[in-house]
Amino acid sequence: MTRLVCPFCGARELGEFEFRKTLPEPGGTPFAQVYERIERPALSVEHWQHVEGCRGWLLVHRNPSTGDVLGTELLGGGPL
Amino acid sequence: MRRHGRVPARAVYARACDESPPNEPLTARRRCRVSGPDPRYSAWSLLRARIAGDGYWRPLWSGRVLADAYDVVVVGAGGHGLATAYHLARDHGVRRVAVLEKRLVGYGNVGRNTTIVRSNYLLPENHYFYEDSLRRWQSLSRDLNYNVMYSPRGVVDLALSDDDWPALARRGNAMRLAGIDAELLDRAGLERFVPELAPRRARRFPVLGGLLQRRGGTVRHDAVAWGYARAASAFGVDIIEDCEVTGVATAAGIASGVETTRGFVRAGRIVFATAGHSGLIGTMLGTPLPIETHLLQAMVTEPIKPLLHTVLVHVFPGHGEAYVCQSDRGGIVMGGHLDGFPSYTREGRWDRLEEVVQGAVDLLPQIAGLRILRQWAGTNDMTMDGSPIIDRLRYDNVFINAGWCYGGFKAIPASGSACATLVATGTAPDLIRAYRLSRFATGHLLDERGGGPFPVRL
Amino acid sequence: MNVPARRGSRLGATTVRFTFDGREYRGQAGDTAASALLANGVRLFGRSIKYRRPRGLFAAGPEEPCALLSVGAAGDVIPNVPAPQLALRDGLVCWSQNRWPTLALDLAALLQAGAGLLGAGFYYKTFMWPSWRSYEPMIRNLAGLGRAPRACELPPVSTEHLCCDVLVAGAGPAGLAAGLAAARAGARVVLCEREPVCGGELDFEGGTIGALAAADWVRTTLAELAARGARVLTDTAVVGGSGGLVIAHAEPGGVAGANAIYRIRPREFVIATGAVERPIAFADNDRPGVMLLGAAERFLARYGAHAGRELVLFANHDRAYAAAARLRAGGMRVRAIIDCRTEAEFGASGTAVSLRDQFRRDGTECLPGHALLAAEGGRGVRAAVIAPLAAADARRTIACDTILVSGGWTPLLHASLHEGGAPRYAPELGAFVAGAEPDWRRSAGAANGALELNNALADGWAAGARAARRAGASGDAGVAPAGRGDDAPRLVPFCRSPARRVDERRQFVDLQNDVTVADLRSALTEGFQDIEHVKRYTTLGVGTEQGRTSGVLGAAIVAELRGVTPAAVGTSRLRQPYQPVTMRSLAGDRVGAALRPARRTPLHDWHLAHGGVLEPMGLWLRPRYYRASGADAHAAAIAEALRVRTTGGILDGSTLGKIEVAGADAAAFLDRMYLTRASTIRTGRSRYMVNLREDGMVLDDGLVLRLAPERYLATTGSGHATHVLSHFEHYRDTEWSGRAITLTDVTEAWAVIVVAGPQSRAGLGQVLGAGWQQALARIAHMEFVAGDFAGAGLTVLRASFSGELAFELHCRPSLAVPLWQALVDVGLPPYGLEALDILRVEKGYLVGSELNGETTPMDLHLGLASLGNACVGHELLDRPAFHEPARRCLIGIRASDGCAKFLAGAQLVTADAQTRPCGYVTSSVYSPTLGEWIGLALVARRTAIEGTVLTACDPLRGGNTTVRLVPPVHVDPDGLRMRA
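So this is what it looks like as structure tokens:
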């Protein structure tokens, strides 16, 4: 996987993005939000940032067993 | 003298090496006398095999049949699983132990690392543990009667600016107080110890010196898996390959066994030592773990005559990292940062390979003309403070040995011994008491790098 | 020696002189070291890695396992270059490897005698007593192929990015057909060919394509590709990639030439990398003079070099007869063709039958149903031992000087199986092909098992047309040209000749790593049944040939020994790079000073011109001290610090991170991001603020300025700006999504000059002039005034990180140098980071060594009272460990003995627990103000009581110092000086 599709900027090389974390189940305790991770063989729900592009944060769905990107969306409203 | 008999003779071994309490790890230890599996390996055995011809050697571990029930089922025939099984059988006399492996003995990280062993950790909880491991490495070949090629050639963490000295000194001083060897090398000292590095060469980040642990070095990675497998097998441990655990069955609030691709196996206790798949085990048991799975790459050049006589660790600004050593076969072996996002693919990203090579060439420009022959990747179970977890998981009789981050390979001997004690006695030995899962909730974090709950440093 | 000029398709007429092992030879332009040495009658090229057996030339490409040479003289050598890959140039110096003292006489060759002892994995079974370390140096010296280089002077490698519709790897018939089909359909095509010349094996196999002779078709196809805008890169191998990025490596001038890396982003990828001939194992099949059949053809056709004079061929397919005919036509004598197929398998029709009849008429022995059992001869083949397969005892010898072997072709699957491919066994090939591939990739031609010319063309054409269509090209590719070349090989898989057990030790499977059939058998006996285990245990296929000649052969022999099909054995995982790549090329231009970019402040040149000693701080370069200030770093820093305390000085603070936070919700947002409130800062004022990571640890600190009611400037530690900015942006886009917050990194938009010291106000007034006098007089601590100076914006903030009366000037970068120079001119000399460190430790201010990601705000006595503010991270601060007596907190320390020294990084212990530190020194400086060493430390709360005496243990740097704990603020605790 060397490209992610940033909804704002388009398909860009992976090197422009930084992964931050996989997400725990929503709505957990603050502790769970910070420390727990949900690992599944075929689905990883993640936060990435397009650091060398629009700097928007992305919600990325990927298959960690194949590297396929299943979907990318902007978390915020996108850059102003 | 050729011995026959289908099942290797089970020699009677001395019970248990004495565990080093973390407070006083450096007292003289009684060395385990292990007579080893059959046939015993030695220079003579090579000669005998030469004379005897075919049939002298026997399978190291294979040929066992999966039984219905075990006292302990260890999941994962990597370094940690095999070492745990070995110590369960050897030190605790647990008679019915199985190691169930999805694929092959030693197929995971134990055979995919850069072979470095060291105990130069900052935090006492870590350096006492890894020191115990390093001491076991020293005698492991003889303990297992299998040459794992422990090569104490030194590990040097390089200092690139005056700002690096306090952190290196803090770590080295903590080690020295614990009785672990550590030296600070200034530029002249580094030049003497690693002349091939030419510390005075002009570089983007000048090399000023480093923190040296002379007893750190390398170990032949595959040999560790095979040596433990052979020794465990000699103690009667059943090592079953191509047997994937798909679930845990419970009864009356405790685990009763494991579901596998070869059917149900009853188990008194279950140990998960599944490295990069530990996060999935947490999900399978409904207990999310503070673990993310990341790829870590390594690569090797063609073999050449001896060039580099130690292990160099080069961490530089701008996400740069390269650790470099030369294998006994002669290839320059390198590794660096994580790939940077969760993956089970074991196929590393190309730009990371380039970055590691950049770091290695920066240290040793003379190797620029060598060729990379192959690159590989392991799936690393990265915890949210960078230190491992050896603890019960959800059920009283289910244990997890996971979260080894970058340290899994070097930890194997200590981890196997301590984990076996925990499983056999129900009580964690002092050496791993800090590795409990609850530490994240209580705040007793073991964060060597101060990186916080993110395996990938920003 | 007057050798008549050779003629070959790749040769020029000019003579080229070179030396091999110190002896001078002549070759011709276009030669490789392999062809030239072969033509000079050299048979012995090196020694093997384990047994030191003499080795010759075996192959004609990167798959060469034996003839590896070291290139260059003295220490500047490049080792392990396959001789067939080494382009000859005048003055080339190359050496054989792995022999001592000479190639012909190698002392370590005595190891051969111990071959029976040194089987697979022998080193796991011995060398344990007393320790591995006692044997390791000897083993290491024996291992390794080439010499270790001591220097390497190579130019950096260029990188080029390419985008295309269809990338084709390999420009043999299938690759050219694929490229042509795609180009005709209108696709943008890039074609990479590993060899300097396109056409694959057409140059010696001949044949016709369409109406043209094969060579003419290659020429016209290349011309048409060029006319259609396709890019054809020769000497360029596809070597790896990930996730759709494909990396190609160009090595036109050989390893030391002007190399390039291409980063190619194709829509579609056709892999037409061909197939590699694989050998058949027989006893002593590693002797110099044993060579792959196709290699002999290449050397003849391309370089006019003869593999030998008297040939014996050993093969399992029809192609061998056509090849034999061409070799004979080239002037070599074919003594015998040993065909391991039975007469029935051989069949009664086809070209091979008529060729065989012709050979027989000419006196060549053609023996179906036979096997070549062994090669005789030491440093060169003298004879072949053969026997009927049905009666292996009926052996006899045929005198010859060369044995050419061919056991079929192995499709090159490195690219095909990478990231998502799966192998499938093809019995008709006796090898594996890609069974499944990701849909954007397709193997074609010989790489896909299509060995016959017509099939290869059709397969390539179809792959090219499909790729073009998928990539969106709408043109009509037309139909593939028909090809007529060598017949289908009609191969019967055969991997090794019958051998007694003892002879299996001489049946080499992997010539480079000295892996024999006996080794495979022993691995299986010891339980290493899986091919992956066999590979790791025996080192099968892990050499520079990357399993090209040994991989499938090894798998087939393992299958035979295990009594299963090769399909059940499978292949071990192939790894990238698909072909070995120099580290020089992988590093690209990120070498030397360009390893990482350097960030320079606007005052960088001034510092350099005025004796500033710069040091890297992250990517920044900042002055540590100025040479004019003192004899060495320590003296200079003390002088600079004292100057600030007595008169004044200026510091380049431009590396300070600066984030502008604007919008209607900026105040509320910052309240959430920081421990203390930003919303209560009045416009025109600033506040020292701390923010936390999600887990409650202090992330960073800095001043936050309220520029306007809805506009703040948050400053961060040097090098922290991007990190803190990302942290802010994460919250902006998640928790605060949809709110009016704009975040901008303005770090480099503002230069920062710190003016500190009792005379700072006066000096500043002098420089800024009358217009600023009033403001400077009125401005209170932590207030700022924005105005302009010399026609540009200037903000003057009164804040201090030195404990002195001090101002921060934020100005446009262009203004930095004149402003700085003016300040120097009024008697405010510069000070560097060392002096800053002294000043801030004297005042107990925090930097990175205290904000190290392990400290909570409680540990640092920061803003505990305001935790109710619900700052990010506060939720996790109530974890019990953070409130235990063992938790370490900040405190000051001083040496008990006024002149004793202690350093940051020393561990602190109490008298009753000498090995269990209760804390450590985070910062230490010599305070010129106090005349003694002072510092900051993190010490267990139960011990951190002022007046407590501890030992600072620093065994690494010279021992122990007795220290006592004091308040962290060492100088001017009431802050009278900075509020002056």
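Protein chains in written order, with my numbering: chain A, 10 to 89; chain B, 137 to 594; chain C, 26 to 1005.
Backbone N, C-alpha and C define an ideal beta-carbon position, used for all residues, glycine too.
Cβ neighbours of residue i in the same chain (closer than 6 Å, five flanking residues each side left out)
i: I804/C; result: V810 and R823
i: V60/A; result: E27
i: A320/C; result: A84 and A85
Neighbour-count burial assignment, residue i, 16 or more Cβ in a 10 Å radius
i: G794/C; result: exposed
i: M26/C; result: Since pLDDT at M26/C reaches only 48, below the 50 mark, its modelled position is unreliable, and no value is offered.
i: C188/C; result: exposed
i: E368/C; result: exposed
i: L79/A; result: exposed
i: E971/C; result: exposed
i: P591/B; result: buried
i: A368/B; result: buried
i: V292/B; result: buried
i: T127/C; result: exposed
i: A262/C; result: buried
i: Q554/C; result: buried
i: D279/B; result: buried
Beta bridge counterpart(s) of residue i as assigned by DSSP
i: F152/C; result: F152/C pairs with nothing; no bridge assigned.
i: E452/B; result: Before going on, a small fix: residue 452/B reads as Phe here, not Glu. Answer is G456/B.
i: M518/B; result: E428/B
i: P436/C; result: A300/C
i: S949/C; result: G960/C
i: K30/A; result: H56/A
i: C924/C; result: BP columns for C924/C are empty, so no partner.
i: D979/C; result: G984/C
Close beta carbons around residue i, own chain, < 7 Å, minus the five adjacent residues each side
i: R358/C; result: R334, E335 and L336
i: F753/C; result: I684, M698 and L768
i: E380/B; result: K238, T396 and T397
i: D583/B; result: D521 and G522
i: N159/B; result: Note that N159/B scores 32 on pLDDT, short of 50, meaning its location in the model is unreliable and no value can be drawn from it.
i: R381/C; result: Y346 and C391
i: S654/C; result: A661, A664 and E665
i: L196/B; result: W362, A365, R366 and S369
Cutoff 8 Å; reference residue i; Cβ partners in own chain excluding five residues on either side
i: Y148/C; result: I164
i: T940/C; result: V934
i: A41/A; result: P33 and E34
Cutoff 8 Å: residue i Cβ touching any chain E Cβ
i: E428/B; result: Absent here is chain E; the protein component of the structure consists of chains A, B and C.
Pairing CB atoms from the stretch 501-510 of chain B with CB atoms from the stretch 273-290 of chain B, are three or more of them under 8 Å? No, because fewer than three Cβ pairs between the stretch 501-510 of chain B and the stretch 273-290 of chain B fall closer than 8 Å, the two stretches do not touch.
Answer yes if the stretch 434-441 of chain C comes into contact with the stretch 592-603 of chain C, meaning at least three C-beta pairs across the two stretches below 8 Å, and no otherwise. With the cut-off at 8 Å, the stretch 592-603 of chain C and the stretch 434-441 of chain C touch.
Identify every run of the beta strand (DSSP E) within the stretch 716-804 of chain C, keeping only runs that are complete inside it and at least 3 residues long; order them along the chain. If we require 3 residues or more, the beta strand (DSSP E) runs fully inside the stretch 716-804 of chain C come out as 723-733, 736-741, 767-770 and 776-781.
Quick one: any contact between the stretch 239-258 of chain C and the stretch 454-466 of chain B, if contact means 3 or more CB pairs under 8 Å? The stretch 239-258 of chain C, when compared against the stretch 454-466 of chain B, does not touch it at the 8 Å Cβ threshold.
Sufficient close CB pairs (3 or more, under 8 Å) joining the stretch 71-83 of chain C to the stretch 50-58 of chain C: With a cut-off of 8 Å, the stretch 50-58 of chain C and the stretch 71-83 of chain C do not count as touching, because too few Cβ pairs lie within range.
At least 3 beta-carbon pairs within less than 8 Å: the stretch 473-492 of chain C vs the stretch 193-213 of chain C: With the cut-off at 8 Å, the stretch 473-492 of chain C and the stretch 193-213 of chain C touch.
Could you check whether the stretch 223-230 of chain B touches the stretch 548-556 of chain B, counting it as contact only if at least three pairs of C-beta atoms, one from each stretch, sit closer than 8 Å? Segments in contact, yes.
Taking one C-beta from the stretch 161-175 of chain C and one from the stretch 433-449 of chain B each time, how about it: are there three or more such pairs within less than 8 Å? Using a C-beta cut-off of 8 Å, the stretch 161-175 of chain C makes contact with the stretch 433-449 of chain B, since at least three inter-stretch Cβ pairs fall below that distance.
Residue ranges of each beta strand (DSSP E) run of no fewer than 3 residues wholly in the stretch 183-248 of chain C, ordered along the chain? DSSP runs (the beta strand (DSSP E)) wholly in the stretch 183-248 of chain C: 183-194 and 214-217.
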